[in-house]
Amino acid sequence: MRISSVIGQARAFIGNEKGSFAVMSAAIMAVLTMSAGFAINIAQLHNVRSNLGQALDAAVTSTARDITTGKIEAKDARDRVELFLSVNTDGDMIAGDRLVLDKLVIDKTNSTVEATAYVDVDLYFPLFGLSDTRRVSNASAAVYSDKKIEVAMMLDVTGSMGGKKIKDLKSAANNALDAFLAGQDKTKPRVRVAIVPYANAVNTGALSNVVFAEKTYTAIDVEPPALYDPIAVAASLLKAPDKCATERKGTQQFTNAGPDVAKVNRDYRLDFCPNAVLQPLSADIGALKSTVSSFSANGYTGGHIGIQWTWYMLSNSWKDVLPKDAQPLAYDKKKVAKYAILMTDGEFNTAYAGVSIKGNPTNQASLSRSNAERLCDAMRKDGIEIFSVGFQLKEAGAKGVMKNCANTDTSSIRHYYEASTGDELNQAFLEIAHNIERLAITK
Numbered sequence: 003m004r005i006s007s008v009i010g011q012a013r014a015f016i017g018n019e020k021g022s023f024a025v026m027s028a029a030i031m032a033v034l035t036m037s038a039g040f041a042i043n044i045a046q047l048h049n050v051r052s053n054l055g056q057a058l059d060a061a062v063t064s065t066a067r068d069i070t071t072g073k074i075e076a077k078d079a080r081d082r083v084e085l086f087l088s089v090n091t092d093g094d095m096i097a098g099d100r101l102v103l104d105k106l107v108i109d110k111t112n113s114t115v116e117a118t119a120y121v122d123v124d125l126y127f128p129l130f131g132l133s134d135t136r137r138v139s140n141a142s143a144a145v146y147s148d149k150k151i152e153v154a155m156m157l158d159v160t161g162s163m164g165g166k167k168i169k170d171l172k173s174a175a176n177n178a179l180d181a182f183l184a185g186q187d188k189t190k191p192r193v194r195v196a197i198v199p200y201a202n203a204v205n206t207g208a209l210s211n212v213v214f215a216e217k218t219y220t221a222i223d224v225e226p227p228a229l230y231d232p233i234a235v236a237a238s239l240l241k242a243p244d245k246c247a248t249e250r251k252g253t254q255q256f257t258n259a260g261p262d263v264a265k266v267n268r269d270y271r272l273d274f275c276p277n278a279v280l281q282p283l284s285a286d287i288g289a290l291k292s293t294v295s296s297f298s299a300n301g302y303t304g305g306h307i308g309i310q311w312t313w314y315m316l317s318n319s320w321k322d323v324l325p326k327d328a329q330p331l332a333y334d335k336k337k338v339a340k341y342a343i344l345m346t347d348g349e350f351n352t353a354y355a356g357v358s359i360k361g362n363p364t365n366q367a368s369l370s371r372s373n374a375e376r377l378c379d380a381m382r383k384d385g386i387e388i389f390s391v392g393f394q395l396k397e398a399g400a401k402g403v404m405k406n407c408a409n410t411d412t413s414s415i416r417h418y419y420e421a422s423t424g425d426e427l428n429q430a431f432l433e434i435a436h437n438i439e440r441l442a443i444t445k
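Throughout, the working numbering is defined as the position within the sequence shown, counted from one, plus 2.
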């Protein structure tokens with residue numbers, strides 16, 4: 003067959019089928035148009051749902067955080083979620099007057115904020131016989147915590163902390179205070195922090211009335227009297243050389259009993275009192291930072307003495323001798339979380355209780371370490387979670403006591419840190435602050 007013949011037959015066929023092709027083309031175009039419109043609508047609804055979800059997540063998370071920090075009460079949660087939704091949704095995509103917070107639930111049993119919202123959307127491409135609008139909904143939930151948090155930071159101001167190290171400590175401590183206290187309602191603080199500077203003693207400042215100042219050395223440890231005991235009252239009339247305390251001696255040495263049971267000794271042999279004063283629990287960041295700024299490096303390392311006073315600042319047994327806003331709460335696993343942060347740059351080497359007048363440094367170091375671990379064990383049993391930080395530690399004994407004092411690390415929470423630089427010390431404190439917040443929510 004010739005090519006010209008084939009072409010002729012093809013032209014004839016096309017001529018005969020022209021009308022059919024026109025109808026078919028129109029049908030195909032209609033289907034394509036509807037498909038394109040349907041795809042446009044799907045994309046529109048997807049974008050709206052995504053934007054609504056992001057806005058709702060942000061609103062619920064922010065509201066949970068504000069409940070946690072005490073900025074708002076649970077009863078104000080709906081207003082806060084609606085405010086965040088109106089601010090965070092795309093006005094070109096979601097009309098504000100059509101956005102509805104459908105449901106908000108504050109689950110106090112599980113400490114969650116749960117919300118559902120919807121918006122009615124005008125479709126870009128209305129389809130024949132169907133509604134011009136579609137309802138798009140989304141849901142979100144976040145965990146909050148109304149648990150009170152008490153943190154006591156034991157910070158090393160001994161002579162070995164001189165130079166850049168004390169500057170690094172001040173910077174890291176101030177940043178930790180910002181992390182702990184930022185964003186909360188100052189009139190109803192959820193988080194309070196105590197600062198316990200220590201060397202071979204702790205300067206008790208306004209709490210010096212609980213210190214029993216020994217007037218002479220005795221071969222046997224002196225059992226301190228109770229705060230209101232006649233002996234203590236008579237002794238208080240004699241001027242003490244300073245406001246420092248060493249460790250409590252006698253039957254209450256390893257307890258958190260209040261001074262109404264037994265005061266705390268100031269050993270007769272103490273020859274140096276740190277300048278930095280103990281700061282009980284406070285949400286006043288200015289007062290706390292003022293304490294940190296007063297740090298100067300001097301003295302030896304009575305780490306167990308610092309640990310003892312750290313425990314006292316978290317103990318409800320001590321509330322009666324503290325100002326009202328500094329009083330530790332009674333321990334309640336559901337309502338109160340208590341944490342200690344222990345920091346040192348060297349080996350614990352100074353002790354008084356159980357040390358003879360000719361006690362050698364080796365004996366003191368051994369006693370300080372063993373007493374520290376015994377106190378830490380008692381604190382953990384009392385419900386206090388302990389984090390520890392070694393700053394440029396070299397001695398195996400120092401590392402050992404800090405590891406043994408800290409709670410056991412978990413798969414997600416680290417409790418023992420070693421920092422070799424100021425940046426690492428700062429990072430350790432910030433990570434601890436972050437983990438304490440996580441623990442308060444998850445435990």
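Positions of the beta carbon are idealized from the N, C-alpha and C atoms, including for glycine.
Identity of the residue in THR114, THR91, ASP384 nearest LEU103 by Cα: Of the residues THR114, THR91, ASP384, the one whose Cα lies closest to the Cα of LEU103 is THR91.
THR346 to SER88 span [Cα, whole Å]: Here the C-alpha atom of THR346 lies approximately 49 Å from the C-alpha atom of SER88.
8 Å contact criterion, which ALA278 and THR293 should meet: CB distance rounded: For a cut-off of 8 Å, the C-beta gap from ALA278 to THR293 is around 6 Å, short enough to register as a contact.
C-alpha gap between SER390 and VAL204, whole angstroms: Our two residues, SER390 and VAL204, have alpha carbons roughly 19 Å apart in a direct line.
Where ALA264 falls, given that 16 or more other Cβ within 10 Å makes a residue buried: That one is buried.
Spatially closest choice to TRP311 from ASP134, VAL153, THR410, by CA coordinates: From the listed residues ASP134, VAL153, THR410, the smallest Cα separation to TRP311 is found for VAL153.
LYS150: first and last residue of the uninterrupted beta strand (DSSP E) it sits in: Going by DSSP, LYS150 is part of the beta strand (DSSP E) stretching over 150-158.
Local conformation of VAL224 per DSSP, three classes: Look at VAL224 here: in three-state DSSP terms it is coil, with no helix or strand label.
Between the CA atoms of SER422 and MET155 - distance to the nearest angstrom: Straight-line Cα distance between these residues: approximately 19 Å.
Assigned exposure category for LYS340 - 16 Cβ within 10 Å defines buried: The residue in question, LYS340, is buried, as its Cβ has 16 or more Cβ neighbours within 10 Å.
Beta-carbon proximity check, VAL193 vs PRO226, cutoff 8 Å: Contact flag unset, no.
Helix, strand or coil at PHE431 according to DSSP, with G and I counted as helix: Collapsing the DSSP output to three states places PHE431 in a helix.
Per-residue burial, ILE151 [other beta carbons within 10 Å of its own, 16 or more giving buried]: Under this definition ILE151 is a buried residue.
Whole-Å CB distance - THR447 paired with TYR314, under 8 Å assumed: Not covered by the structure: residue 447. The range shown for the chain is 3 to 445.
Inter-residue spacing [alpha-carbon to alpha-carbon] between ILE415 and LEU432: Those two C-alpha atoms are separated by around 13 Å.
TYR341, DSSP secondary structure in three states: In the structure shown, TYR341 sits in a strand (DSSP, three-state: E or B).
Proximity to LYS396 [Cα-Cα], best of ASN49, PHE86, SER162: Of the candidates ASN49, PHE86, SER162, the one whose C-alpha sits nearest the C-alpha of LYS396 is SER162.
Ranges of the alpha helix (DSSP H) found wholly within the region 254-329, counting only runs of at least 4: Given a length threshold of 4 residues, each whole run of the alpha helix (DSSP H) inside the region 254-329 is given here in chain order: 287-295, 305-316.
ALA355 in three-state terms, based on DSSP: The answer is coil: DSSP assigns ALA355 none of H, G, I, E or B.
For GLY392: DSSP bridge partner residues: THR346, GLU420, per the DSSP bridge assignment.
Pairwise C-alpha distance: LYS172 and SER295: Here the C-alpha atom of SER295 lies approximately 7 Å from the C-alpha atom of LYS172.
Separation of ARG376 from VAL403, as counted between CA atoms: Taking the CA atoms as reference points, VAL403 sits about 10 Å from ARG376.
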